[in-house]
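Colleague: Dumping the structure here so I can ask a few things about it.
Number of protein chains: 2
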Amino acid sequence: MANKLIGNAVVGQSGGPTAAINATLAGVIEGAFAHSDVIHKLYGMRNGIEGFIGERLSDLTGIFSDENGELNRDLLHVLTDTPAAALGSCRKKLPKPAEDPAFFENLIALFKKYDIRYFFYIGGNDSMDTVAKLTEYLKTSDYEMRVMGVPKTIDNDLAGTDHTPGFGSAAKYIASTMQEIVRDCAVYTTKAVTIVEIMGRDAGWLTASAGLANLVNGGGPDYLYLPEVNFDLDSFFADIEKAFEKHPNIVIGVSEGIRFADGRYVGEGAQSGSTDAFGHKYLSGTGKELEYAVKDKFGCKVRSIELNLPQRCAAHLASDTDLTESHTCGRTAMDAAVSGSTGCMVAMIREDGEEYKLRYETSEIAKIANAVRSVPREFINESGNNVTEECLRWILPLIQGEADIVYKNGLPVHFVIE
Amino acid sequence: MANKLIGNAVVGQSGGPTAAINATLAGVIEGAFAHSDVIHKLYGMRNGIEGFIGERLSDLTGIFSDENGELNRDLLHVLTDTPAAALGSCRKKLPKPAEDPAFFENLIALFKKYDIRYFFYIGGNDSMDTVAKLTEYLKTSDYEMRVMGVPKTIDNDLAGTDHTPGFGSAAKYIASTMQEIVRDCAVYTTKAVTIVEIMGRDAGWLTASAGLANLVNGGGPDYLYLPEVNFDLDSFFADIEKAFEKHPNIVIGVSEGIRFADGRYVGEGAQSGSTDAFGHKYLSGTGKELEYAVKDKFGCKVRSIELNLPQRCAAHLASDTDLTESHTCGRTAMDAAVSGSTGCMVAMIREDGEEYKLRYETSEIAKIANAVRSVPREFINESGNNVTEECLRWILPLIQGEADIVYKNGLPVHFVIE
């Protein structure tokens, strides 16, 4: 049994926004209220670790207390359904502890100043890297603090968990929108190709989810091209020709990160060339490049649609399953830390059996950080131009249920922490 | 009192799809069942007048009958919430009756063949042109048939009606999505400009609706640029500089059709140059062009987002007010035709007074067709970079209420007429 560690807690959000990252924050807040015997105050870092270093903190215990000092559940509901990171985000990459110990000494001084004994960080691969480095440094320090990572990414490319919080809501939005686009494109009788560009630099999970309507009611796209398979322009043209034999309106989903066999990105022509703090290349224009290629080849009407930011922020169509799971991940992190866990990431494990069922675990962060999980080859058909039914059945449970959005004056109500 | 005209009816959908055009079709279907004493059968033209000429017809009375021959209201509900034109659409422009009487003689022969005595056409400006020409020709013919136009267009640019069915749903989607994009863009502290391109060639109604969050809860975009005001790049840059004094994340909405003072489209650089059957120029790339311009000028992160097709087909976020009004327009057309009206378009008239209230009328089509209604200058602020509160208050009633979408397996259920 771990010792009872009494003090304050801090929680931060990092990396790209999702429709469910605030549901995880809500789970951490709920946990802090439930463990008020050991956690006196829960701080929110504004803009992640960067804001913490600048001592920009919000008193979440105060914000979410009602007049009796109890958790304000109505406010928590609105927070849950608010897209993007309510605390703000950052993309700061921490130095390696061995290379810049002064950076970590400064952090420890701040933890001491605010009596922070629990540290929660909600994010993707890069954020888990932050958790791992902080954990590594703490082993060499005599300051006692428990550090927990909570996964988040619409890309679903994080290792060590069955899927990632945020993915289900993005998948539901993409699948629904794709179904609507297919309806829209079906109204005319003239030959037309519509290319929908979907987020996903290295993993095609989001593009795969665009096919869900095909499983549910047959109203999905004709083809899906994922970054896990090399893209070949001649095969692509042959696929289109084949689809034109069946109907005049072809709808295609492509991952932004699809590449030719020689490694070049299809969208490279329109690429800005700039990279982010983690060395990721910014991509844009995969759909546009293919639009021009298909127009040249077939001379028919061609249109490209970039689903863009709404993929990750369309909270109005969030998956209730995803929100509930995201919340539980946050709550599990808090419960586990209070019970003595540290240096871990919360993971969702899918139970065996017909019925979809999850259990929540904590896994050692050092084993997980920086590993990328792609769509397995067996989830993609042999021709490499679509996903298998098995893949769609794997994704389907994650988009079940609709969020209970609070509307006011015709628009969803969002919670903004000032 | 008009004579009782007994026979069959036909209904068609034309022009671009919307999230509410099937609600209007549902109103026509409901009306046909209610007037089964005079209307024996309601046919649906597949792909508008073009399909009618090819005798591609669906028996809507049969499709929407339950086992007792009554209207199947569950099916009608699903049809109402299905985006895009369930009967398909076309963009065919009819010849002038005086120039090609043979074209109309052929049409009359088909009306006789199917005993069509009622003709309903749901569409925008170009569709009302079809209704007007058919009406004109019928005056010279001894074939008795009643012709009604029912307005539809997300652009809200049709004269003779307070607003158009389909606009409210598009406005609700755009306002909600803009609010989500603003949330998403607010998470980082680095300077960034996000430019959202919204549909609207000549009228800025849809772009205006992007500002609704500013009225409701303050979470809307910084600026809106409409085609009703000449666009000036220097003023645009000055606007951005001013907004950067307040916060690092700027979100801007622009109509696809904004033009410089000399008449050139801002998006002209990326324009395909092709035109549709009505001589409309296809535009694309207004947001992209501005993205490059702002990047050159400010050197900060700039992103452009084209809301694209989801603006008109996102039925999952349709306005309940819009769906109800669209339905009523269809029903009104049927009731009015049975009562003797012909050569008319259904119009919605907003009653005076504080409370939002509509009445439905029919107006002579000849007076309406081909007139375009823009956003009045007094609905745009003096600087021409946003809309007024009065404008937002005018739009607000149209986005009220959420559609009662039927979900199955996590996705909205659509009705597809095979």
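If you read the sequences in order, they're chains A and B. Adding 41 to a residue's 1-based position in the first sequence gives its number in my numbering. Adding 41 to a residue's 1-based position in the second sequence gives its number in my numbering. Each residue gets a CB set at the ideal place from its N, CA and C atoms; glycine is no exception.
Is it buried or exposed, B/G103, if we count other Cβ atoms within 10 angstroms and call 16 or more buried?
Modeller: exposed
Colleague: Please classify B/L116: does DSSP put it in a helix, a strand, or coil?
Modeller: helix
Colleague: For B/N197, collect the residues of the same chain with a Cβ closer than 7 Å to its Cβ; drop the 5 residues on either side in sequence, then sort them by chain order.
Modeller: Excluding sequence neighbours, B/N197 sits near H204, T205, F208, A244, W246.
Colleague: Since B/Q352 is in the alpha helix (DSSP H), which residue starts that stretch and which ends it?
Modeller: 351–354
Colleague: Please name the residues in the stretch 159–172 of chain B whose beta-carbon is closer than 8 Å to at least one beta-carbon of chain A, in chain order.
Modeller: none
Colleague: Counting along the chain, where does the beta strand (DSSP E) carrying A/L253 start and finish?
Modeller: Counting along the chain, A/L253 falls outside any beta strand (DSSP E), though it belongs to the alpha helix (DSSP H) covering 253–257.
Colleague: Do B/H357 and A/S217 have their beta-carbon atoms positioned less than 8 Å apart in this structure?
Modeller: yes
Colleague: Could you tell me if B/S424 is buried or exposed, where buried requires 16 or more neighbouring beta carbons within 10 angstroms of its beta carbon?
Modeller: exposed
Colleague: Within 8 Å (strictly less), CB to CB, does A/E443 reach chain B?
Modeller: yes
Colleague: Which runs of the beta strand (DSSP E), 3 residues or longer, sit entirely within the stretch 222–297 of chain B?
Modeller: 233–239, 264–266, 290–296
Colleague: Out of curiosity, what's the CA-to-CA distance linking A/R400 and A/A388?
Modeller: Their backbone Cα atoms lie some 8 Å apart in a straight line.
Colleague: Measure the alpha-carbon distance for A/N63 versus A/M386 and round it to whole angstroms.
Modeller: A straight-line Cα-Cα distance of about 17 Å links A/N63 and A/M386.
Colleague: Short of 8 Å Cβ to Cβ, which residues in the stretch 205–220 of chain B face chain A?
Modeller: K213, A216, S217, T218, Q220
Colleague: For A/Y84, which residues of its own chain have a beta-carbon under 6 Å away from its beta-carbon, when the five flanking residues on both sides are left out?
Modeller: Within its own chain, the residues whose Cβ lies closer than 6 Å to the Cβ of A/Y84, once the five positions on either side in sequence are excluded, are V51, L98, listed in chain order.
Colleague: For B/A355, go through chain A and note every residue whose CB falls closer than 8 Å to its CB, in chain order.
Modeller: T218, E221
Colleague: Take the Cβ of B/D167 as the centre, count every other Cβ of all protein chains shown within 10 Å, and call the residue buried at 16 or more, exposed below.
Modeller: buried
Colleague: Whose C-beta lies closer than 7 Å to the C-beta of A/I409 among residues of the same chain, with five residues either side of it excluded?
Modeller: Leaving aside the five residues that flank A/I409 on each side, the residues in its chain whose CB is nearer than 7 Å to its CB run, in chain order, M169, A200, G201, M386.
Colleague: Please confirm if the stretch 55–73 of chain B is in contact with the stretch 135–150 of chain B, defined as three or more CB-CB distances below 8 Å between the two stretches.
Modeller: no
Colleague: Contact defined as beta carbons within less than 8 Å: I believe A/A302 pairs with A/D273. What is the distance between those atoms, to the nearest angstrom?
Modeller: 7 Å
Colleague: If you count every other CB in all the chains shown that lies within 10 Å of the CB of A/E91, and 16 or more means buried, which is it?
Modeller: buried
Colleague: Can you give me the C-alpha to C-alpha distance between A/S382 and A/A251, rounded to a whole angstrom?
Modeller: 38 Å
Colleague: For A/F319, which residues of its own chain have a beta-carbon under 8 Å away from its beta-carbon, when the five flanking residues on both sides are left out?
Modeller: Low local confidence applies: a pLDDT of 47 at A/F319 is under 50, so the model's placement there is unreliable, and no value is given.
Colleague: Do B/I157 and B/V191 come within 8 Å of each other at the CB atom, strictly closer than that value?
Modeller: Taking 8 Å as the cut-off, the Cβ atoms of B/V191 and B/I157 do not count as close.
Colleague: If we define contact as Cβ-Cβ less than 8 Å, is B/R224 a contact residue for chain A?
Modeller: yes
Colleague: A/N109 by DSSP, collapsed to three states: which one?
Modeller: coil
Colleague: From A/N271 to B/T365, what does the alpha carbon distance come to, in whole angstroms?
Modeller: 48 Å
Colleague: Report the partner residues of A/P142 according to the DSSP bridge assignment.
Modeller: None; A/P142 has no bridge partner.
Colleague: Give the DSSP-derived three-state secondary structure of B/G320 in the structure shown.
Modeller: No answer about B/G320 holds up, because its pLDDT of 49 lies below 50 and its placement is not dependable.
Colleague: Go through its chain and collect everything with a Cβ distance to B/S130's Cβ below 7 Å, but skip five positions before and after it.
Modeller: Q54, S55, G56, P58, N88, G89, listed in sequence order.
Colleague: Identify the continuous beta strand (DSSP E) that holds A/M189 and give its terminal residues.
Modeller: 187–192
Colleague: According to a CB-to-CB cut-off of less than 8 Å, which residues of the stretch 421–445 of chain B neighbour chain A?
Modeller: Under the 8 Å Cβ criterion, the stretch 421–445 of chain B contributes L437, I440, Q441, G442, E443.
Colleague: A/A249 to A/P124, Cα distance in whole Å?
Modeller: One C-alpha to the other measures close to 23 Å.
Colleague: Helix or strand or just coil, what does DSSP make of A/S168?
Modeller: helix
Colleague: Identify the continuous alpha helix (DSSP H) that holds A/H368 and give its terminal residues.
Modeller: Note, A/H368: alpha helix (DSSP H), 361–379.
Colleague: Just the C-alpha distance for A/G95 and B/D225, rounded to the nearest angstrom, thanks.
Modeller: Distance between the alpha carbons of A/G95 and B/D225: 22 Å.
Colleague: Taking B/S360 and B/Q441 to be in contact with their CB atoms under 8 Å, please state how far apart those CB atoms are, rounded to whole angstroms.
Modeller: 7 Å
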